[in-house]
Each structure stands twice: as C-alpha cells, then as structure tokens.
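When you read off a place in the sequence shown, starting at 1, and then add 4, the result is the number in the numbering used here.
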Amino acid sequence: MTPDQVELTKYLTDVLHQLRLLQGTVSKRNKTKKFKAIASILTIVKGRVDATYQYVKAGGHADFSVIIQQQMYDPIIQWLESEIA
C-alpha cells in the first residue's frame, strides 16, 4: 500500500468508528421521528464510507484523497453529533 492509501484507510477507519459510536448513542435514545431519521442518515453515511474504504483497500485510491474525504464526512459527523446532543 502506498502512503496515501495508508493515510486514507486510517482516516476512513476513524470515521467508521465515529459513526458506530453515534449509532450506539442513537439506538439508546427515544424513538421519535427525529432519531429515526438520524439513524437512517447514519446508515446511509456509514454505507458510503464503508464502500469507499473497500474501494481504497482494493487499490482505487487515485480517485480519492484524505482532504476530499474530510471535507465530505467531517461536516456530516459534526452536524449529526450536534443533533444527537
């Protein structure tokens, strides 16, 4: 694996871990429409991150960079954290 690939897989692993923590938090909350919607969004985002992770592990890192992924996922995670809190 190239250094770029290693850096990107590490970042995506961290994002997956954050999303799992958020899913655990949401599952403990009341089942209002808001938290059901947040759980759905988390599932979709987690699926996208996992697909990107699998693609990068397979050697397709040239299309992605850590900066692009951070700009895509960090705001979503921050927004979800603020909505859950």
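Virtual Cβ for every residue (Gly too), placed ideally from N, Cα, C. Only a predicted model underlies this, so the values are computations on that prediction, with no experimental measurement involved.
- Distance check between residue 86 and each of 63, 29, 67 and 34 places 29 closest, using alpha-carbon atoms only.
- Under the DSSP assignment, residue 67 falls outside any alpha helix (DSSP H); it carries neither an H nor an E label.
- Closest option to residue 11, judged by alpha-carbon separation, among 70, 89 and 80: 70.
- Residue 59 is a Cβ neighbour of residue 68, given a cutoff of 9 Å.
- For residue 29, the secondary structure class from DSSP, reduced to helix, strand or coil, is helix.
- In terms of CA proximity to residue 84, 48 leads the group 7, 5, 8 and 48.
- Per DSSP, reduced to three states, the secondary structure at residue 6 is coil, with no helix or strand assignment.
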